[in-house]
Amino acid sequence: HSTRSIFDISRSGRRSTRFPEHPANPEMSSVEEAIPAEFLAEEMAPLPELAESDIVRHYVNLSTLNMSVDTHFYPLGSCTMKFNPKRHERLAGTPGLIDMHPYQTAETSQGMLKILFELQEMLAEIAGLPAVSLHPAAGAQGEFTALLTAAAYFRDKGENRTRVIFPSSAHGTNPASAALAGFECVQLKKSATGLVDIEELQAHLDDQTAVFMITNPNTIGMFEPEIGRISQMLHDVGGLVYIDGANMNAILGKTRPGDFGGDMMHYNVHKTFTGPHGAGGPGAGPIAVRDFLADYLPAPIVTKQRDESGNEVYGLSRPAKSIGQVRSFFGNVGILLRGYFYLKTLGAVGLREVSEQAVLNANYLLSQVKDFLPVPGGDVCMHEFVASASPVLKDRGISAMDIAKRLLDYGVHAPTVYFPLDVPEAMMMEPTETESKSTLDRYAALLRTIATEEDPEMVHSAPHTTPVCRPDEVKAARQPILKATLPATGVDEPTEEPLVTRSV
Amino acid sequence: HSTRSIFDISRSGRRSTRFPEHPANPEMSSVEEAIPAEFLAEEMAPLPELAESDIVRHYVNLSTLNMSVDTHFYPLGSCTMKFNPKRHERLAGTPGLIDMHPYQTAETSQGMLKILFELQEMLAEIAGLPAVSLHPAAGAQGEFTALLTAAAYFRDKGENRTRVIFPSSAHGTNPASAALAGFECVQLKKSATGLVDIEELQAHLDDQTAVFMITNPNTIGMFEPEIGRISQMLHDVGGLVYIDGANMNAILGKTRPGDFGGDMMHYNVHKTFTGPHGAGGPGAGPIAVRDFLADYLPAPIVTKQRDESGNEVYGLSRPAKSIGQVRSFFGNVGILLRGYFYLKTLGAVGLREVSEQAVLNANYLLSQVKDFLPVPGGDVCMHEFVASASPVLKDRGISAMDIAKRLLDYGVHAPTVYFPLDVPEAMMMEPTETESKSTLDRYAALLRTIATEEDPEMVHSAPHTTPVCRPDEVKAARQPILKATLPATGVDEPTEEPLVTRSV
Amino acid sequence: MLDAIGVSSIDELFNTIPENFRLGRDLNLGDHVSEMELTAQIQQLARQNASSSSHVCLMGGGAYDHFIPAVVDEIASRGEYYTAYTPYQAEASQGSLQTFFEFQSLICALTGMDVANASLYEGGTSVSEAAFMAMRVTRRHKKVVVLESVHPEYRQTLQTYLQNLETELVVVPTPSGTVDLKQVAAVMDKETACLIVQQPNFFGSLEQAAELTRMAKEAGALSIVSVDPLSLGVLKRPGTYGADIVVAEGQGLGIPLQFGGPFLGILACDEKYVRRMPGRLIGKTTDSKGEDCYVLNLQAREQHIRRDKATSNICTNQGLMAIRATVYLSSMGPKGMQEAGKRSCQGAHYLVNQLKANGWKAPFAAPYFKECVLTPPASVSEVVTQAQEGGFLVGPVLDRFTDAFCEETQEQLQNSLLLAVTEKRTLEELDQLVGVLAS
Amino acid sequence: MLDAIGVSSIDELFNTIPENFRLGRDLNLGDHVSEMELTAQIQQLARQNASSSSHVCLMGGGAYDHFIPAVVDEIASRGEYYTAYTPYQAEASQGSLQTFFEFQSLICALTGMDVANASLYEGGTSVSEAAFMAMRVTRRHKKVVVLESVHPEYRQTLQTYLQNLETELVVVPTPSGTVDLKQVAAVMDKETACLIVQQPNFFGSLEQAAELTRMAKEAGALSIVSVDPLSLGVLKRPGTYGADIVVAEGQGLGIPLQFGGPFLGILACDEKYVRRMPGRLIGKTTDSKGEDCYVLNLQAREQHIRRDKATSNICTNQGLMAIRATVYLSSMGPKGMQEAGKRSCQGAHYLVNQLKANGWKAPFAAPYFKECVLTPPASVSEVVTQAQEGGFLVGPVLDRFTDAFCEETQEQLQNSLLLAVTEKRTLEELDQLVGVLAS
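Residue numbers (the numbering used here), protein chains in the order written: chain C, 1 to 504; chain D, 1001 to 1504; chain G, 2001 to 2439; chain W, 3001 to 3439.
Structure (structure tokens):
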């Protein structure tokens, strides 16, 4: 493949999108008449010049260098890389949804507001927590928003709680969000199963404790057996329990964060409810909280009322003691819509089956690999598990990273490796419910093949079939090259090519 | 890559599309009540059972085994593989166009009929022939339809003309269409330039001559210099001249079939006007004819009238002596729409520039390869040319087919080879106007590299990087395997999987 | 570039066109418009049409408002498929080739036939190609028999295809909506190449297709059965009752209505006729390394090789529509086809019964599947307008086809229309239509 | 599968959930609906909304109805992009990585800055992230200065982000629509981390951005300029007047309005601050074979490595929106950006002049680009309804934001709204709107 950028293939005079000038009109002023020269650019931006055909060939070919759920098995632990139903992608583009301005009046937005209201209700029901805000842009912002909500609650109660606690296996966003929100971070010690050491936790709890953040099921793929006691401990000191919802795919309709003691949680709509991952985003990070926190939620919340004739009327409102907005506009509506479509599509039974099938698939996979990739969490997991490549490293010098890279050669995306740090040579695998048994069988067989591959050098030096192999990250960081620019040399084509080199 | 078919990956119980049963209603009969048992199937069709995720991964991966205009340079002579503007693809899907039933009343179809009427007018103008039928499904059907139109005209005049003549370089569809229409076929002798031997033609002309079919510019890429005289000769004996419009991309707005003596022609909308090729189709094959043939055109034709208030009203009509329909419904409207969008997008000047740039690109390419791949047609061509690999075959044992296959290794689609038969080791190249000079330069350099490749065996045994290499066609024909079926062996999955394995 | 060519202007390259033929002016096509302007213009024109987006569509007559799963659009809109050429170059086309191979396989599974080609233009030309194929197979070129209940535009197409030949086209009238077997027996003879039947027929009614197939065989002719693919989740597959050639309009298999095309011509047949088939065929074989692969097969039948001796003149076919049908059938599976068929059939019978209760008449008594000829108590053209204003598209009105039917049949079709119900229609919609038409 | 695991039922796998926490009932979510039913339901709900499909949209306030070339949708709807994960695994992600690298490059070209990250959530959080970054760079954590003419929701976001910290947020009032430089000078001091300016500002007006940038520098603070990317084909690029950090709402760059998100947060800055930047960065490097390739760079700034010491908590970003912007800018090129900017600017001035001739007032005198605050002669809410009934969406009405402005500014905004004109608007539409509002 070629790594030439669009700046390299730019040719002066090529065009794709053009706009006509406004027709001559005596009352039309030129830009120079409308705006003083001091504000006007002296030259055009040095953007590349391309025909639509150049653009299409460039990006279509680039896209095929990716592995993706649509093309490959992608057992990336903690990321829930499940299939994204195609209807949902298309429905999100329905005229009348995709082209609504965020400041339209409620009167002209009833269909959209009804959808968002129903989504709030559904997310509350799934969480077992009554108040929902759809506002946060992603899971990390959901965490941050919930922590600010908690802070506002404590402040309102006149309490000065400065500390947020989390297990060592917590996602990096937990401490990062807590720090951003102005809290002091306390991390518990490592644990190979990711389960909380009750005594250690107890030692940290006092009237400075604001929030205990816990992912449950945890990052090792285990449901925290002491979650009830942990919640009670937090509540006993006046603190709150935050449930990181990254692993909700394991427990939908089986148990609810609100029922096992959580006071606040966020959803990752792009993990659990098939907003696609989009090569990194966008997500949506709705939060659900207990009733006593509802007044502090960010604005806006969707409300339903009835008018005189008894018709349902939807509107937006600001909670009484709202922390305010954490972003502009309502939220990542395009992603929320996909979540809504997904929940409607599955209904109560289908949603429970999601978790049942996800857990079944994970346990089946675990059963097929545990003899050569031991799983510290034990023989039963939730929707994912963390295996360790330590024995393979010891016996054959093949590391988790080596296995991950070698998998790419066989057309399977790597699992998450070296996270959480609690497990040495961690390989975190989450097959999700949308993969078939035959895919899992093939994957398990591949892992075995790689772990026992005759020539370990083939594994060390993998991947061999991908467009590139083990980029030099140190070099990248030492002298960062972070952009391309137009070549300085001239070009040999006419300065304005004919219409045909553009698409339209 | 895997050649497992969807029948191989089928698993009993997996589902993608489901339909609900109608709600219980006392007036609803079961199918068994509605239809006697003798008509009802006794078992379900043995179709594969798949989840949407299975389908997507299967076909997305399959698609990437193709070379296509969106991904590769595709200099396939005679096929005009030009870029398809993306807006046109999307506009063809506009609600109110894509979902119109063909039997809607004219009253409910005015927007569509206006588009089709304007397209008729534009195609007449480009052809220089006043009467247009948009009805034929593809170029070959256009030929067939025009020949039937001519036959009806002759029959109506009481003439018994049974013979259709064409040059040896004619597309195979010309004789095939003539034969299907009941004509006797006469093929002229081979000619390395594809130009017509006037004397030979003259010898065939008499009162049995119905039509002379000619592609102009011809398949060698040359404009027939004697086209005026040829037309005159045909008209002198009462015959008609048919212009195969496959090569219209060379002459848009530069000259018109009607002006140089053609009486009938067809367009290939998917070649000239960017209906995409669709891996083989669909196309659309509108025909344009002289006024005296208009009454015989197939039904329906779009008409424009004015009502009492002076408003334009569009309708469908049947020409007075119409040959009737050659297919059901109006025509390949979806493809015609793309042609309309293209013509609107370019306008008169843009359309002329298409041919100018196409001819410029072809001549530039010719200039870069003629020293090692001689071009019998000479140093100037129209939108395409036919080079000969004979010297390379003679000197190095590398055939046109070898070069074609080796090009695939470099990520370029092969040119058309061994057509027309008039040129030995023919390589017919058509770069089209949408390719840039740098693409042409790279292609010419590749041809040179291959023709002089150090190890000719690498060329003989090419391609090496494609999913397959030189399939055994003889074996395929001897014992044809033309379908897959469901495996007879059982499967180990439940008979009805949970909702989550389906998309929706 | 001009320097490399050795000319001083692009115009010079056009010097081979005799001067008197050069167009000395701009074409009268108007000025170019930008993508933005074109979009606005087309959206405005589209709003001047009714469609199944703006109305609830119950129109029939060979094109139906069936449901299209989103996955069909997702796959068919991939540039790798839709901007590829005909897969002549097998190494660069395994994606298309395997997909078409799967299309052939799915059509065989759906129809119960041995072998299917990789598409023809649409239903009408498929009937014609099948008739020509039957003439080649039977070497009988004098007579083709077709039931009047076959779609009038398919019959018209066949008639046009035959109009410059000697073949006689015999139409067996069907004034009672389905054919009288005795009348068929009366015209079948040793010169008859084939008997063409549609099941369900144009009126939506069910013919004695199995019996008709048997009668064709007895006369040494081939039976050609034109089916609605969307009926085959419920009705007998023609392979199970011995049809020789099955043809179909494949529009219902995931292809939008788009005012009549592009649709999808389907042709499947008994294995023994494979070398007489028209159209492209994909076969499985092995490559130079012995690996399985797919390739265009039996090309010697085709126009680019056999020219005037080819089995058809077809070149460009309906590849992308075949890809759509492939994804569609993969997504439907056996149960989806059955569910869709049942829903359509039940909805149609429900609607017809409701309308009958309101004074509508059904001129034909035979069992029907999803479509039916109906005569309203009021003027049929007023009914169409009334429906339209109420948000429904109905029809076609059958006087559109009067030339296509014998007098006796025409009488039955007076003041009547076709109504078709697909799986998309809900009971609420059907009740609403009944209400609109009752008011 | 259960046998292999060694359990007898799926439920057994959930035994690790304490029994008292297991949900002993179905969730109250209702029954599942089929793809076909869902489609019908959603289309029906969508019809209950107005939108830029049903109406001509002249709404402003930070989200605009700009034209989106089809090629943007074509590329962004490829599964290889939208179903891929964050490109941590470089070998499996060169497509995304190179595309994001090009995104960074295009944003630098457009803004005139040295380095851009691979996206943040949207405009408001970009302002906040920039302020936090400025505090890190300047090590001044006590004070942030923002002009009142910055989008009120961006300011609100910033305020929320700071609400649990000690940092003081100083808002410089802008009652005349643009800021008085003297008032800025009065608040800038040695404790000020940054000065935040929006250009064009929330009211559409042009601030003395170059001068403000200079004033920030003088105080040892960073200048943060929030721009409308669609203005940069016409207006000065902030890199040319020395801005330290440029942020932007990237929605105009090929991203649909979708009721407010997902949009695209842009952040670009001077090279020397690169290691203090929030968000993902893609760098070019070489692989083990020495070939050029792309990789996530400087990850040590990020939460998954640095945890509570990270430069931001952002993880999921707006990757797919960045891909859209990349294709958009490739398609626009320098001339497209200029043409779009000119058309918007000219259209806006035309409309404002026509409305002024009809008695409308513009409370602010400063030059504006494509958007303007206007006060109609009638009640503004009636005007909105009138426009809506005439087929136009206008606004927002500015009383929506009253809490966000000081009293003096509020007075100027009484009974007024924002109107924005993009390149999509034709003179005919503008004339028609003037007509609708005059009647």
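Positions of the beta carbon are idealized from the N, C-alpha and C atoms, including for glycine.
Query raised in the report: Is the Cβ of S388(C) closer than 8 Å to any Cβ of chain D?
Result: Output row for S388(C): interface = no.
Query raised in the report: Whose CA, out of E3035(W), G3347(W), M3113(W), lies closest to the CA of V3242(W)?
Result: Before going further, note that residue 3242(W) is Gly rather than Val in the sequence given. For the residues E3035(W), G3347(W), M3113(W), the minimum Cα distance to G3242(W) belongs to M3113(W).
Requested in this report: For K1304(D), return the contacting residues in chain C, with the cut-off set at a CB-CB distance below 7 Å.
Outcome: Here the premise fails: no neighbours, minimum Cβ distance about 26 Å.
Query raised in the report: Of all the alpha helix (DSSP H) runs that stay within the bounds of the segment 262-292 of chain C, which reach a length of 4 or more residues?
Result: Segments of the alpha helix (DSSP H) lying fully in the segment 262-292 of chain C: 269-272.
Query raised in the report: Between which two residues does the alpha helix (DSSP H) harbouring F1166(D) extend?
Result: F1166(D) -> not in any alpha helix (DSSP H); beta strand (DSSP E) instead, spanning 1163-1166.
**Report entry** Option in L2097(G), E2153(G), T2099(G), L2147(G) with minimal Cα separation from E2122(G)
**Finding:** Out of L2097(G), E2153(G), T2099(G), L2147(G), E2153(G) has the C-alpha closest to the C-alpha of E2122(G).
Query raised in the report: Taking the Cβ atom as the reference point for each residue, do I3245(W) and A3404(W) lie within a distance shorter than 8 Å?
Result: Between I3245(W) and A3404(W), the CB-CB gap reaches or exceeds 8 Å.
Requested in this report: Examine chain W for any beta-carbon lying closer than 8 Å to the beta-carbon of F1019(D), and answer yes or no.
Outcome: Yes, because at least one Cβ of chain W sits closer than 8 Å to the Cβ of F1019(D).
Query raised in the report: What is the residue span of the alpha helix (DSSP H) that A1387(D) lies within?
Result: Premise fails: A1387(D) lies in the beta strand (DSSP E), 1385-1388, not in any alpha helix (DSSP H).
Query raised in the report: What are the boundary residues of the alpha helix (DSSP H) that includes S2226(G)?
Result: Element bounds for S2226(G): not the alpha helix (DSSP H) but the beta strand (DSSP E), 2222-2227.
Query raised in the report: Roughly how far, in whole angstroms, is the beta-carbon of S355(C) from the beta-carbon of K254(C), given that I think they are within contact range, below 8 Å?
Result: Contact flag correct, Cβ pair sits at about 5 Å.
Query - Delimiting residues of the alpha helix (DSSP H) encompassing M233(C) - result: Per DSSP, the continuous alpha helix (DSSP H) segment holding M233(C) begins and ends at 227-236.
Query - Secondary structure of Y342(C), DSSP reduced to three states - result: Y342(C): helix per DSSP, three-state reduction.
Report task. For N1218(D), count neighbouring C-beta atoms within 10 Å of its own C-beta (all shown protein chains included) and say buried if the count is 16 or more, exposed if not. Result -> N1218(D) is buried by the Cβ-count criterion.
Query - Cα-Cα separation, L421(C) to S169(C) - result: Cα-Cα distance, rounded: 7 Å.
Query raised in the report: Which chain W residues are close to K2424(G), counting only those with a beta carbon under 7 Å from its beta carbon?
Result: M3036, listed in chain order.
Query raised in the report: Taking C-alpha atoms, which residue in D1402(D), P1431(D), A1051(D) lies nearest to I1450(D)?
Result: Ranking D1402(D), P1431(D), A1051(D) by Cα distance to I1450(D) puts D1402(D) first.
Query raised in the report: Counting only beta-carbon atoms, is L3433(W) nearer than 8 Å to chain C?
Result: Chain C, which has no Cβ nearer than 8 Å to the Cβ of L3433(W), makes this no.
Requested in this report: Helix, strand or coil for F1007(D), going by three-state DSSP, please let me know.
Outcome: DSSP places F1007(D) in helix when its eight states are reduced to three.
Report task. Would you mind giving the Cβ-Cβ distance between V2184(G) and M2215(G), rounded to the nearest angstrom? I have them listed as a contact below 8 Å. Result -> The C-beta separation of V2184(G) from M2215(G) comes to about 6 Å, placing the pair in contact by the 8 Å criterion.
Query raised in the report: Can you tell me where the beta strand (DSSP E) with S1461(D) in it begins and where it stops?
Result: In the DSSP annotation of this structure, S1461(D) is not part of any beta strand (DSSP E), being labelled neither H nor E.
Query raised in the report: Three-state secondary structure (DSSP) at L3257(W)?
Result: DSSP, read as helix, strand or coil, puts L3257(W) in coil.
Query raised in the report: Taking the C-alpha atoms as reference points, what is the distance between L3222(W) and E3166(W)?
Result: Straight-line Cα distance between these residues: approximately 19 Å.
Report task. Report the rounded CA-to-CA distance for A1138(D) versus Q2163(G), giving the unit in angstroms. Result -> For A1138(D) and Q2163(G), the distance between alpha carbons rounds to 20 Å.
Query raised in the report: To which residues of the same chain is A2268(G) closer than 7 Å at the C-beta, ignoring the five residues directly before and after it?
Result: Within the same chain, Cβ atoms closer than 7 Å to the Cβ of A2268(G) are found at I2107, C2108, T2111, M2113, V2115, A2116, V2246, the five residues on either side in sequence being excluded.
Query - Closer than 7 Å at the beta carbon, the chain W residues around I6(C) - result: Among the residues of chain W, those whose CB is under 7 Å from the CB of I6(C) are E3102, S3330, following chain order.
Requested in this report: Check whether the Cβ atoms of A3118(W) and L3320(W) sit closer than 8 Å, and answer yes or no.
Outcome: In this structure, L3320(W) does not lie closer than 8 Å to A3118(W) by Cβ.
Query raised in the report: For L2195(G), which residues does DSSP report across the bridge?
Result: According to DSSP, L2195(G) bridges with V2145(G), S2223(G).
Query raised in the report: Can the beta-carbon of P48(C) be found less than 8 Å from the beta-carbon of I6(C)?
Result: Yes, the pair counts as a contact, with Cβ atoms nearer than the cut-off.
Query - Residues from the segment 2064-2077 of chain G in contact with chain E, defined by Cβ distance under 8 Å - result: Here chain E cannot be found, since the structure's protein chains are C, D, G and W.
Report task. Using 10 angstroms around the beta-carbon of I1214(D), count the other beta-carbons present and answer buried if the total reaches 16, otherwise exposed. Result -> The residue in question, I1214(D), is buried, as its Cβ has 16 or more Cβ neighbours within 10 Å.
Query raised in the report: Could you give the uninterrupted runs of the beta strand (DSSP E) lying entirely in the segment 205-229 of chain C, keeping only those of 3 residues or more?
Result: Those beta strand (DSSP E) runs which fall completely within the segment 205-229 of chain C and span 3+ residues are 209-215.
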